[in-house]
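What follows is one structure encoded as structure tokens, with my remarks underneath.
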Amino acid sequence: MANCHERDSRRTHGDIFFQAEVVNMNEEDRISSVIKESPFLLVNGGLGTQLIYDGYDIADDPLWSARLLYDNPEAITHVHLRQLESGSDVAVTASYQASVEDFCKYLGVTPKEAEQLIKRSVALARDACTKFWEKQPKTTSALSRLKPLVAGSVGPYGACQHDGSEYSGDYVDTMTVENLMEWHRPRMRALVDAGVDLLAIETIPAQKEAEALAVLLKEFPGTKALLSFSCKDGLHTSHGEQLITAVLSVLKHTSQVVAVGINCCSPLFVKSLLLTLKDKVSLPLVAYPHIGEEWIDKRCQFTGQPVKIKDLVPDWISAGAQWIGGCCETRLSDIQSIRQILDSQ
63 MANCHERDSR RTHGDIFFQA EVVNMNEEDR ISSVIKESPF LLVNGGLGTQ
113 LIYDGYDIAD DPLWSARLLY DNPEAITHVH LRQLESGSDV AVTASYQASV
163 EDFCKYLGVT PKEAEQLIKR SVALARDACT KFWEKQPKTT SALSRLKPLV
213 AGSVGPYGAC QHDGSEYSGD YVDTMTVENL MEWHRPRMRA LVDAGVDLLA
263 IETIPAQKEA EALAVLLKEF PGTKALLSFS CKDGLHTSHG EQLITAVLSV
313 LKHTSQVVAV GINCCSPLFV KSLLLTLKDK VSLPLVAYPH IGEEWIDKRC
363 QFTGQPVKIK DLVPDWISAG AQWIGGCCET RLSDIQSIRQ ILDSQ
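Just so you know, my numbering puts 72 at position 10 of the sequence shown, and the rest follows in order with no gaps.
If you want it as structure tokens, here you go:
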């Protein structure tokens, strides 16, 4: 754990370290209801890259979009709201690259304050969902949209190492399952305590880390999760395991995962990856790739022209995808296009 500075020596940004509002998770199990009643869910596009498009200088920030939980939380709420208005059914929190350790290191906050920042990511997403829903028609005949869900983003350990290892998973070769669980626990606990509808365990590069997270989920027995892997080709996770092997192994560890699939990989790999899962996994399949980039020399670069995700979505649906969206570099217009396709099914 990084050395955390004392609070009295720094600014407080209007005392943002509030006690985050906690939503009662003992109400109706919305996730089970949504799965039964909704043939498709649209997962929001890239939150961080949309913030960059909006002019926020976070591209090279070690905290990525989580920086704005401290500096400009209103900007995050604004993007969540616009993504919902564009057609998203799920607001994924700005906690992908958030960790207690890094908040202490780069913001000079205490561990308790770092946990409050993670909880703030849930409050911001919830606020956007509430604002969006208040604008929707309330008559049954006019009601065409699902009441949006808040998904707490749980990114891989590698995302907070700032070395590109989230796209290789090499770190799992020198870490134990217990090491991984210990690192992930504070963020997962904060997200659950803040009242997410489910967790989005996303961009996981290796079977071992996914298994560790599945075991950790048992410490939060009322919590459901979607699980998505990053993949390096049409068959394998970024670390090299066959995707189907990794998925089936994880599902042996937990019944709390309610949807499974891939994200932040090339859209050209998605159909093949889904087909490896389609007849062997009974859960809804998830697909929200980036628009066609690869990790080169520790920099994210486009390889040729970006892929038009909307042109591939029908194939993903045929391959079994039900929870669909976009990841890095997807724009509001991409969400709108996917919404039109899903609504036409």
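Using N, Cα and C, we set each Cβ at its ideal position, and we do this for glycine too. Since this is a predicted model, take the numbers as computed values, not measurements.
Taking a contact to require three or more Cβ pairs closer than 8 Å, the segment 284–299 and the segment 251–271 qualify as touching. Proximity to residue 123 across 402, 224, 350 peaks at 224, based on C-alpha coordinates. In the structure shown, residue 303 falls within a coil segment according to DSSP collapsed to helix, strand and coil. Going by DSSP, residue 95 is part of the alpha helix (DSSP H) stretching over 92–99. Beyond the five residues adjoining it in sequence on each side, residue 208 comes within less than 8 Å, by CB distance, of 96, 100, 103, 151 in the same chain, given in chain order. In the three-state reduction of the DSSP assignment, residue 222 falls in the helix class, which pools H, G and I.
Contact between residue 149 and residue 398 holds, since their C-beta atoms are separated by about 6 Å, short of 8 Å. Bounds of any alpha helix (DSSP H) do not take in residue 350; it lies within the beta strand (DSSP E) bounded by 347–350. For residue 134, DSSP assigns no beta-bridge partner whatsoever. Under the criterion of beta carbons closer than 8 Å, residue 386 and residue 105 qualify as touching, at roughly 7 Å. Leaving aside the five residues that flank residue 316 on each side, the residues in its chain whose CB is nearer than 6 Å to its CB run, in chain order, 276, 279.
Within the same chain, Cβ atoms closer than 7 Å to the Cβ of residue 190 are found at 139, 142, 143, 146, 153, the five residues on either side in sequence being excluded.
Distance between residue 241 and residue 200, taken at the CA atoms: about 48 Å. The beta-carbon separation of residue 351 and residue 324, rounded to 7 Å, stays under the 8 Å limit for a contact.
In this structure, residue 369 lies away from residue 404, with their beta-carbon atoms at least 9 Å apart.
For residue 163, the enclosing alpha helix (DSSP H) stretches over residues 162–169. The beta-carbon distance between residue 113 and residue 137, rounded to whole angstroms, is 6 Å. This is short enough to meet the 8 Å contact definition. Taking a contact as a CB-CB distance under 8 Å, the pair residue 214 and residue 184 counts as one, their CB atoms being some 6 Å apart. Across the structure, residue 286 and residue 319 are spaced so that their CA atoms are roughly 6 Å apart.
Residue 281 carries a coil assignment under DSSP once its states are collapsed to helix, strand and coil. Around the C-beta of residue 167, 16 or more other C-beta atoms lie within 10 Å, and the residue is accordingly described as buried. In the DSSP annotation of this structure, the continuous segment of the alpha helix (DSSP H) that includes residue 190 starts and ends at 173–196. For residue 380, the three-state secondary structure derived from DSSP is helix.
If you draw a straight line from the Cα of residue 231 to the Cα of residue 116, it comes to about 31 Å. Residue pairing for residue 325: DSSP places it in a beta bridge opposite 350. If the five residues before and after residue 262 are omitted, its C-beta is found closer than 7 Å to the C-beta atoms of 154, 213, 214, 215, 216, 288, all from its own chain and listed in chain order. Spanning the alpha carbons of residue 254 and residue 180 requires a straight line of approximately 10 Å. Distance from the CA atom of residue 321 to the CA atom of residue 132, rounded to whole angstroms, is 31 Å.
Contact between residue 392 and residue 110 is absent: CB atoms are separated by about 11 Å, not below the 8 Å threshold. The beta-carbon separation of residue 312 and residue 272, rounded to 5 Å, stays under the 8 Å limit for a contact.
By the neighbour-count definition (other C-beta atoms within 10 Å, threshold 16), residue 196 is an exposed residue.
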